[in-house]
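As given, the protein sequences belong to chains A and B, one line each in that order.
Each number in the working numbering corresponds to the 1-based position in the first sequence with 141 added.
Each number in the working numbering corresponds to the 1-based position in the second sequence with 5 added.
Heads up, the beta-carbon is just placed ideally off N, CA and C, and yes, glycines get one too.
Source: prediction; values computed, not measured.
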Amino acid sequence: MRVAYYSPQPPERSGIADYSALLLPALEERIDVEVVRRGARRFRRRTDISLYHVGNDPEAHGWIVEALRRRPGLVVLHDFVLHHLVAGMTLGRGDGGGYLDAMQREAGPVGRMLAHGVIDELLPPLWEDRAVDYPLTGEVLGSATGLIVHSAYVERLARDAGYRRPIWRIPHPAWVPPTEITPAELPTGRIVIGCYGHLNPAKRLPQLLEAFADVRRRLPEALLLLVGSLSPGLDLDPVYDRLGLTNGEDLVHVEYVDEARLWAFLAACDICINLRHPTMGETSGIVIRALSLGRPLVVSDVGWFSELPTEAALKVPVDGQEVQTIGEALELLGRDPDLRAKMGEAGRTSARRDNDVGRVADLYVTALEEAAGGDAVREAVVGEVARAAEEVGLQANGPALAEVAERLREVGSGR
Amino acid sequence: MRIAVCAPQVPFVRGGAEIVSERLVDELRKRDHAAELVTVPFKWYPGERVLTQAFLWRLVDLEEADGAPIDLVVATKFPSYVVRHSNKVVWLLHQFRQAYELDRTELGQFDESPEDRALRRAVHRLDKLALGEARKLFATSGNVAERLRRTTGLEAEVLAHPPQELPYRCDEYGDFILSVGRIDRAKRVGLLIDALGADTSLRCVVAGEGPERGRLEQLARERGLDGRAKFAGRVSEQELADLYARCLAVYYAPVDEDFGMVPYEAFLAKKPVVTTTDAGGPLEVVGDRETGLVCEPTATAVAEACAWLRDHPDETRKWGQAGQRAAERLTWDAAIDRLLE
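This is the structure in structure tokens:
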């Protein structure tokens, strides 16, 4: 079987490009893969199924959704909320009508009116703070003959959105940490709390900084390490001033780092914190790397993050006590090296067991094989049973056939 | 208890699994249970037939019979365990091996088309669902249990089944190697024929029937074995006991077999077993240089192993007796206690 594979690829700076770079070699060991390049119109060879990696970034995924429109196939839904993607593919290209249609499809006349409000600049862009209310996943779901998701959370959202075709839940694959990691240049004798990735409002930085400032008073050796670029418009200096935090002393902020230095900074931390709200249904490559490295985690109790192994991650509800709970979690781990070691080991074990790239590739092959031929098999089975029923005069809507249909569904062969 | 033992039936074919199922019913009855063998014919080709025929089991209602409840269902082999029952125990003798380790081998069934690949996956899903429903899951060997764990994630306790009841005895360590079982490609009787071609001093008797018999008889002629390989066909229980009693040793080297009763039968006649390093389940039974010889799966190695046993009668006798002690520990009392616990 041959698969047409659509994904952003390195050197694009995208988590999904990194994901594909990790997955593809393992997949190619198991199955014939034709990697489709951006702009390609025709395949070099005939393929049996197309696999589309879809995320929320219009620049990275717009061309993939266009290909999906032309040829429906199996979609890897890396984010459930695709508002930003759809806005980029419509408004971003001067296609206001497309955005109106997408919003109407999502929320009826009210959705269309809201979209008009956005286009006429009477309302702030919905993708900035109301994307979760209007995920705009409908078109992608409509073209997907099956879905691959990374969490029960996204599976549930897809089902709630009325998606009835097959869904395969496949864990995010884990990177194997480099055998040699050059130590990061950080002050010694500190308990390093690391926060990594693009620093945007959804990472709960104000809450983290407030909690950290409080912890720092009781645990002076704590050091906050921020690794990643700041989201435009997010100015942390006033927050530092208000909380009495000194950059370079209480915390260290490093802008974009390459993969080698990212591992170095991850290895340098004692606690990895990755907060998120709202969630678009995404996973986190940073969290997966931290698990592989055996670093204890503090995460928000939302979406995919809620499904991380409890033995490896302390989960913070997003509620009125969020800041206090973050502080308690950091202090608990900061004061207890044994607990950090135990949670780190649990994380490493779970990454080896659940996120092994070979295992993940096997699960992809299963999903691809089931998706490519599954309908034909179901039709053949149902057809043969239906013919037998017809031959002995069973009525199509009668109770006897209803039981047969129920049993077929039970064993996964029903419609 | 009223117990239904479920096993598929391939018309005109009878092998180890059928013997085990029938014997289980007999043994349950001996222990004052009302036991009945429930069978449905099974044909696994072409195409989706493997699923539609398996599906027949899903429509069988064994919750009660003639107004009285059936307390327990013991299912044995694919696809009988697809049956629904509130108290289902599976004693797994075989999955549908063409969908697993035999896939993409010459013994496989599914080609590379998307439909066949999906069909194979559908068998996996069916197994996971049907076996996952069982209140208790036993596998007939570590090989079967490990394959099940690897392919479905389901854990099974290993519960070996005792061999069939025959008037076992040992009259002599004669001049022929005995092969017992269905003659198909998976049982690899051809390797023994090739071994006789490699060593002109060896003789064998092949007991059993199967689709490969004609080809192997032709092969024996081509190898010029001149009657040194005798094809006895399907033999009676008495004839089989006689063959076990008179042979030098028993050859049993299928490809990654699930279990196979033949080694234990050989042991009960105090005969050592020649098997190969890739035989699967038999390797859990045959200890190399303890109860037989384990050699590479080549004609030369099999020939050397058979000749070695002939030339070393003390070891042959000693290993056969050691095998007998191991086989006698495998009892129906123990097996049924665990099935019903």
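Simplified DSSP assignment, three categories, for residue 323/B: Residue state for residue 323/B is assigned as helix, using DSSP reduced to three classes.
By Cβ distance below 6 Å, which residues in the same chain neighbour residue 237/B in space, the five residues on each side in sequence not counted? Answer for residue 237/B: 210 and 212, listed in chain order.
May I have the straight-line CA-CA distance separating residue 23/B from residue 29/B, to the nearest angstrom? Cα-Cα distance, rounded: 10 Å.
Any chance you could list the beta strand (DSSP E) runs of at least 3 consecutive residues sitting entirely within the region 327 to 362 of chain A, in chain order? Taken in chain order, the whole beta strand (DSSP E) runs of length 3 or more contained in the region 327 to 362 of chain A are 332 to 337.
Have a look at the DSSP bridge pairing and note the partners of residue 311/B. According to DSSP, residue 311/B bridges with nothing at all.
Identify the residues that DSSP records as bridge partners of residue 298/B: which are they? According to DSSP, residue 298/B bridges with 279/B.
By a C-beta neighbour count over all protein chains shown, 10 Å radius and 16 as the cutoff for buried, is residue 224/A buried or exposed? Counting Cβ neighbours within 10 Å, residue 224/A comes out buried, since at least 16 surround it.
Answer yes or no: does any C-beta atom of chain B fall closer than 9 Å to that of residue 393/A? In terms of beta-carbon proximity, residue 393/A stays away from the interface with chain B, with every pair separated by 9 Å or more.
Beta-carbon contacts of residue 315/B that lie in its chain and below 7 Å, excluding the five residues immediately before and after: The beta carbon of residue 315/B is closer than 7 Å to those of 253 in its chain, skipping five residues each way along the sequence.
From residue 310/B to residue 96/B, what does the alpha carbon distance come to, in whole angstroms? Whole-angstrom Cα-Cα distance: 34 Å.
Decide yes or no for the touch test of the region 290 to 309 of chain A against the region 504 to 518 of chain A: beta carbon pairs closer than 8 Å, at least 3 of them. Below 8 Å, enough C-beta pairs join the region 290 to 309 of chain A and the region 504 to 518 of chain A to call them touching: three or more.
Chain-ordered chain B contacts of residue 517/A [CB-CB under 8 Å]: What residue 517/A touches in chain B: 119, 120 and 123.
Entirely within the region 69 to 133 of chain B and at least 3 residues each: give me those beta strand (DSSP E) ranges in chain order. Entirely contained in the region 69 to 133 of chain B, the beta strand (DSSP E) runs reaching 3 residues are, in chain order, 77 to 82 and 93 to 99.
What are the start and end residues of the beta strand (DSSP E) that includes residue 175/A? Residue 175/A -> beta strand (DSSP E) spans 173 to 177.
Please report the Cβ distance between residue 285/A and residue 213/A, rounded to the nearest whole angstrom; I am assuming they are in contact, meaning their Cβ atoms lie under 8 Å. Yes, residue 285/A and residue 213/A are in contact; Cβ-Cβ is about 7 Å, under 8 Å.
CB-CB under 7 Å to residue 468/A, same chain, minus the five flanking residues each way: which ones, in chain order? Cβ neighbours of residue 468/A beyond the five flanking positions: 352, 355 and 356.
Going by beta carbon distance, what residues of the same chain come within less than 6 Å of residue 106/B, once the five residues before and after it are set aside? The residues 261, in chain order, have a CB closer than 6 Å to that of residue 106/B in the same chain once the five nearest residues on each side in sequence are set aside.
In three-state terms, what does DSSP make of residue 225/A? In the displayed model, residue 225/A falls within a helix according to three-state DSSP.
Between which two residues does the beta strand (DSSP E) carrying residue 272/B extend? Membership of residue 272/B in any beta strand (DSSP E) is not indicated; the residue belongs instead to the alpha helix (DSSP H) covering 267 to 273.
What does DSSP give as the partner residue(s) for residue 238/B in the beta ladder? Per the DSSP secondary-structure output, residue 238/B pairs in a beta bridge with 212/B.
Since residue 327/A and residue 221/A are thought to touch, with beta carbons under 8 Å apart, how far apart are those beta carbons, to the nearest angstrom? Residue 327/A to residue 221/A, Cβ: 36 Å. No contact.
For residue 513/A, would you say it is in contact with chain B, using Cβ-to-Cβ distances shorter than 9 Å as the test? Yes, its Cβ sits closer than 9 Å to a Cβ of chain B.
For residue 114/B, tell me which candidate among 31/B, 120/B, 124/B and 103/B has the shortest Cα-Cα distance. If we check each option's Cα against that of residue 114/B, 103/B comes out closest.
Mind checking if residue 317/B is an interface residue toward chain A, Cβ cutoff 9 Å exclusive? Closer than 9 Å to the CB of residue 317/B there is not a single CB belonging to chain A.
Quick one: residues in its chain with C-beta nearer than 7 Å to the C-beta of residue 264/A, no 5 flanking neighbours on either side, listed in chain order? Once the five neighbours on either side are set aside, the close Cβ partners of residue 264/A are 255 and 258.
How long is the line joining the alpha carbons of residue 422/A and residue 394/A, rounded to whole angstroms? One C-alpha to the other measures close to 27 Å.
Any beta carbon of chain B sitting closer than 9 Å to that of residue 498/A? The Cβ of residue 498/A sits no closer than 9 Å to any Cβ of chain B.
Tell me where the beta strand (DSSP E) around residue 554/A begins and ends. In the DSSP annotation of this structure, residue 554/A is not part of any beta strand (DSSP E), being labelled neither H nor E.
Which runs of the beta strand (DSSP E) at least 3 residues long sit entirely within the region 432 to 477 of chain A? Give them in chain order. Correct list: 438 to 441 and 454 to 457.
Any non-hydrogen atom of the ligand ZN within 8 Å of residue 266/B CB: Inclusion of the ligand ZN in the displayed structure is not the case, the ligand content being empty and no account of it being possible.
Tell me which residues share the same chain as residue 93/B and place their Cβ nearer than 7 Å to its Cβ, disregarding the 5 neighbours each side in the sequence. Counting only Cβ-Cβ distances below 7 Å, and skipping sequence neighbours, we find 78, 80, 138, 139 and 140.
Return the CA-CA distance between residue 401/A and residue 153/A, expressed in angstroms with no decimal places. Whole-angstrom Cα-Cα distance: 17 Å.
Ignore the nearest five residues each way along the sequence and tell me which others in residue 7/B's own chain have a CB closer than 6 Å to its CB. Taken in chain order, the residues that qualify are 39, 75 and 76.
Does the distance from the C-beta atom of residue 267/A to that of residue 230/A stay below 9 Å? Contact flag unset, no.
Quick one: using the 10 Å Cβ neighbour count with 16 as the cut-off for buried, is residue 314/A buried or exposed? Residue environment for residue 314/A: buried (at least 16 other C-beta atoms within 10 angstroms of its C-beta).
Among all the DSSP beta bridges, which residues are the ones paired with residue 143/B? Looking at the DSSP assignment, residue 143/B forms a beta bridge with 96/B and 162/B.
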